[in-house]
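According to numbering that gives the first Met the number 0, the sequence shown is numbered sequentially starting from 0.
C-beta atoms are modelled at their ideal positions from N, C-alpha and C, and glycine is treated no differently.
Let me begin by presenting the structure, written as structure tokens, before commenting on it.
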Amino acid sequence: MINALGLLEVDGMVAAIDAADAMLKAANVRLLSHEVLDPGRLTLVVEGDLAACRAALDAGCAAATAYRACHQPQGDRSARR
Numbered sequence: 000m001i002n003a004l005g006l007l008e009v010d011g012m013v014a015a016i017d018a019a020d021a022m023l024k025a026a027n028v029r030l031l032s033h034e035v036l037d038p039g040r041l042t043l044v045v046e047g048d049l050a051a052c053r054a055a056l057d058a059g060c061a062a063a064t065a066y067r068a069c070h071q072p073q074g075d076r077s078a079r080r
């Protein structure tokens, strides 16, 4: 099992709550923290195995996209083995 962290940046508290809910329901991950970057912009941090983190991020991004609040990082930063 590879332990991993997943970070999802969203705009708005409502989008963050909806994304966190979707992430926790979609995969076996736990919410480690949330960081407020700017007023209205948050980063959610989840922990789990690599596959679970990827599934959680996909679900969280899909939920946040309904609010037009999901950001794509520049470049590919995913873990590759």
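Run through the DSSP bridge pairs and tell me what residue i is partnered with.
| i | result |
| --- | --- |
| Gly5 | Val45 |
| Val35 | Leu41 |
| Leu30 | Val45 |
Quick one: measure Cβ to Cβ for residue i and residue j, integer angstroms, because I've assumed they're closer than 8 Å.
| i | j | result |
| --- | --- | --- |
| Met22 | Val45 | 6 Å |
| Gly47 | Ala3 | 7 Å |
| Thr42 | Glu8 | 5 Å |
If you compare alpha carbons, which of the options is closest to residue i?
| i | options | result |
| --- | --- | --- |
| Ala14 | Ala26, Leu6, Ala3, Arg40 | Arg40 |
| Val35 | Ala51, Ala50, Cys52, Ile16 | Ile16 |
| Ala25 | Tyr66, Ala51, Arg67 | Ala51 |
*For the segment 28–36 and the segment 57–68, state whether three or more C-beta atom pairs, one from each stretch, are separated by less than 8 Å.*
With fewer than three CB-CB distances shorter than 8 Å, the segment 28–36 does not count as touching the segment 57–68.
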